[in-house]
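For reference, the structure is listed below as structure tokens.
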Amino acid sequence: MADMPFPAALAEDLKTASLDDGTLSVIAVDGEAVAPRILAKDVALSTTGERDRPSVAKLAEVIPACVQSVYLNGLVPTAPGTDLHRAMTVAAEIAEPGATVWTVSDMMSTSGQLALSKAVLAEPADQAAETAAADAPVDLHRNVWKVSGMANAATPLLSASREWVRDFTRGLCRGWNASGCKSIELDPVNPVRTATGLPKDPVPPFPAVDAVTTATTCSFTLPDELLFDGGSAELRGDVDEVLNQPLALLDANAETTLRIVGHAASSGAYTAAELLALSKARVQAVRDRIVAAGIEKARVSSRGVGDTEPLAEDIDPSTGLQIPEIAAAERRVELIIEGAPCSR
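Position one of the sequence shown corresponds to residue 21 (our numbering), numbered consecutively onward.
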């Protein structure tokens with residue numbers, strides 16, 4: 021809360037609760053290995069008596085500012101990291117039936133049972149949430165759960181990563197027996213940060229574009245989840261976020277050429293021919309987008325290789341099952357620009 025604006029929807033909920041003679045509980049989440057603190061428990065948000073009194077409405081209007089001043093201003097963590105599960109467990113314990121549970125957080129837990137490790141982030145968000153909710157159970161007793169600040173880290177995330185956090189949070193909502201899950205949405209990207217001197221939280225290892233340079237080449241490795249919708253060959257609507265850098269290098273160096281290589285992970289659910297066809301369809305989609313951006317066709321070559329050029333073995337020999345973290349690295353498209361280093 022220290023470096024996020026006060027959510028307008030939360031302010032409206034506080035006004036409504038005050039008009040209805042409701043109460044407020046506040047839980048502060050600190051850094052790693054620091055227990056959550058209960059700052060307020062069942063604190064009255066209004067005065068008793070008839071609800072149609074003018075003073076009731078006047079008090080409701082100022083309640084959000086009062087809550088911010090008394091409980092939230094100056095509330096800063098003392099250690100880096102976030103153990104979100106411990107805080108949500110406390111919230112579930114003290115929330116009364118019919119309550120609305122608000123979580124003001126980027127939802128990027130870096131410690132405890134909900135830590136977003138590389139292995140967790142390698143899974144589809146729904147699947148990761150189902151596993152997390154089972155391993156780190158919370159029962160919100162069908163109370164409405166609302167979230168503000170989700171995926172708004174100090175370091176801006178790619179759209180695909182923000183959507184993963186949203187879908188993961190919705191999955192937790194379902195797994196934690198809350199309601200209102202479909203209404204959980206992302207806030208505008210990276211709002212203005214107002215606090216300074218906060219502990220620097222580690223950023224979870226979301227999929228990212230990797231660039232390797234030599235004196236005459238620049239090779240980009242693009243994870244498939246940043247390029248394509250689901251397991252398809254359809255480009256994401258925000259694909260230019262990850263193509264802008266190689267496109268800029270190609271545009272600035274007319275003598276360069278581009279090779280596109282598409283890879284797939286091994287899978288018992290698909291034949292080698294199907295994986296090859298998928299990788300070919302994907303590189304064709306990327307090639308078409310690059311040509312549409314103004315790069316001449318003659319400068320671009322492409323090939324899909326299916327799972328024939330792996331970085332590592334992604335099938336567990338003892339079980340015959342995919343190893344999610346390794347398989348995620350195999351699902352990639354490589355853009356090799358020849359004729360210029362990455363920094364040129």
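We put the CB at the ideal spot given by N, CA and C, even for glycine.
Asked, Found
"Using the three-state DSSP reduction, which class does G195 fall into: helix, strand or coil?", "helix"
"To the nearest angstrom, report how far apart L34 and T175 are at their CA atoms.", "30 Å"
"Going by DSSP, what residues sit across from W184 in a beta bridge?", "In the DSSP output, where bridge partners are listed per residue, W184 has none listed."
"Can you list, in chain order, the residues of its chain whose CB lies under 7 Å from that of L177, leaving out five sequence neighbours each side?", "A171, F226"
"If I'm right that G51 touches G101 with Cβ under 8 Å, what's the distance once you round it to whole angstroms?", "5 Å"
"Just to confirm, are V320 and L247 a CB contact at a threshold of 8 Å?", "no"
"If you draw a straight line from the alpha carbon of L298 to that of G314, how long is it in whole angstroms?", "25 Å"
"Hey, L44 and L30: beta-carbon distance below 8 Å or not?", "no"
"Quick check on the DSSP output: what are the complete beta strand (DSSP E) runs of length 3 or more inside the stretch 53-105, in order along the chain?", "57-64"
"Going by DSSP, which residues form a beta bridge with S168?", "V124"
"Exposed or buried, P117, counting other C-beta atoms within 10 Å across all chains shown (16 or more means buried)?", "exposed"
"Look at the alpha carbon of V140 and the alpha carbon of I83, and state the distance between them as a whole number of angstroms.", "40 Å"
"Can you find at least 3 beta carbon pairs, one from the stretch 150-167 and one from the stretch 64-78, that sit closer than 8 Å?", "no"
"Would you kindly check if the distance between the Cβ of M128 and the Cβ of P224 is under 8 Å?", "yes"
"Run through the DSSP bridge pairs and tell me what R279 is partnered with.", "S321, I356"
"Measure the CB-CB distance between R279 and I204 and report whether it falls below 8 Å.", "no"
"Answer yes or no: does any C-beta atom of chain B fall closer than 8 Å to that of D327?", "Among the chains in the structure shown there is no chain B, since it carries only a single protein chain."
"If we require 4 or more residues per run, which alpha helix (DSSP H) segments fall completely within the stretch 290-317?", "292-312"
"According to DSSP, simplified to helix, strand and coil, what is A285?", "coil"
"Kindly confirm or deny that the stretch 324-332 and the stretch 270-285 touch, where touching means at least three C-beta pairs closer than 8 Å.", "yes"
"On the CB-based measure, 16 or more other CB atoms within 10 Å of its CB, does R352 come out buried or exposed?", "buried"
"Which class does L177 belong to by DSSP, given the choice of helix, strand or coil?", "coil"
"Could you check what DSSP says for D230 in three-state terms: helix, strand or coil?", "strand"
"Determine the DSSP secondary structure at T328, reduced to helix, strand or coil.", "coil"
"As an exercise, report each continuous alpha helix (DSSP H) stretch of at least 4 residues that is fully enclosed by the stretch 232-262, in chain order.", "244-247"
"Our contact map puts A154 next to E245 with C-beta atoms below 8 Å; I'd like the distance itself, whole angstroms only.", "Not quite, the Cβ-Cβ distance comes to about 23 Å (not below 8 Å), so this is no contact."
"What is the DSSP secondary structure of S45, counted as helix, strand or coil?", "strand"
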